[in-house]
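One structure below.
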Amino acid sequence: MKKTLLLIWLFCSFIFSSYAQDDKKGLSRNTFIKVNPTTLINELDIYLEQEITDKLSIEAGVSGIYTDYPDYVLAKKIDIGQKKPDISTEQFVNGRGLGFRVGFRLFLISRDMAPARAAGTYFEPMLFYKKVFYPNQDITNNNTTYTSSGDKNVFGLQLLVGRQFKKDKFILDPFIGIGIRSKVYQYKTYDLNNNAVSLNDGRLVSILPSLQIGIKMGIKMW
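If you count the sequence shown from 1, you need to add 463 to reach the numbering used here.
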């Protein structure tokens with residue numbers, strides 16, 4: 464966690480240093496607010512993009528997670544021989560959490576070159592972090608109540624390639640990319656078998672590659 468926060472701090476320091484240098488030049492900059500409708504099945508992603516130069520911008524996002532069911536499918540339903548966290552279906556479905564992202568965009572061809580067919584094409588390294596809290600579940604045996612609990616931390620890096628289209632104030636931003644993410648599940652699960660209660664106090668670390676495909680839509684704020 465500390466290493467990830469240090470990387471994010473260094474990353475932001477570099478971006479804001481570039482921003483300060485360009486600010487002296489009096490460049491005109493735009494700010495965009497965007498959403499990612501392709502993730503609405505489990506979370507609401509909102510992004511804010513700030514132009515720094517005509518070929519560089521910084522993008523930050525926040526996610527409100529209202530279910531972790533997609534991860535249930537990946538972690539427990541798709542069996543490729545991986546270890547599975549001892550978290551119930553109900554806990555996955557009712558998981559709640561928050562996510563944060565920060566990245567910088569390098570436009571390979573300036574977005575202002577309207578005649579160029581590839582105008583607006585960019586490359587974007589992005590760091591992200593998510594925290595999911597799973598609801599507690601109780602079981603009772605011999606008048607004693609046992610509470611199962613769990614949570615998940617996700618750290619990752621994405622390398623995205625996309626093309627941002629502008630029409631007046633509207634933005635269309637399709638992208639594709641690859642990445643790697645680390646999921647750390649922590650759980651304390653009580654199971655009732657043959658009238659006996661057993662405890663599984665576990666921690667599972669999963670490191671996997673990921674494929675990112677999506678589209679963001681938004682407007683220019685000012």
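The beta carbon of each residue, even a glycine, is placed where N, CA and C say it ideally should be.
Coil, strand or helix - residue i by DSSP
i: D534; result: helix
i: Q554; result: helix
i: K629; result: strand
i: K547; result: coil
i: K518; result: coil
Residues near residue i in its chain [Cβ-Cβ closer than 7 Å; skip 5 each side]
i: G665; result: D549, Y650
i: G527; result: E506, L507, L561
8 Å CB neighbourhood of residue i in its chain, flanking five on each side removed
i: V624; result: T584, Y585, F586, E587, F638, I639, G640
i: K546; result: L667, S669
Endpoints, beta strand (DSSP E) assigned at residue i
i: Y693; result: Since the first residue shown for the chain is 464 and the last is 685, residue 693 is missing from the structure and cannot be characterised.
i: N616; result: 607-626
i: I566; result: Looking at the sequence provided, one finds Gly at residue 566 rather than Ile. 559-570 is the span of the beta strand (DSSP E), which, as asked, contains G566.
i: M589; result: 584-604
Residue i versus residue j: straight-line alpha-carbon distance, rounded
i: L635; j: K679; result: 6 Å
i: V660; j: T652; result: 10 Å
i: K593; j: K646; result: 9 Å
i: T502; j: D517; result: 29 Å
i: D601; j: T610; result: 4 Å
Beta-carbon proximity list for residue i, same chain, < 6 Å, skipping 5 on both sides
i: N557; result: P598
i: N604; result: L655, V660
i: A523; result: L511, V565
i: F591; result: R564, G619
Whole-Å CB distance - residue i paired with residue j, under 8 Å assumed
i: F495; j: G681; result: 5 Å
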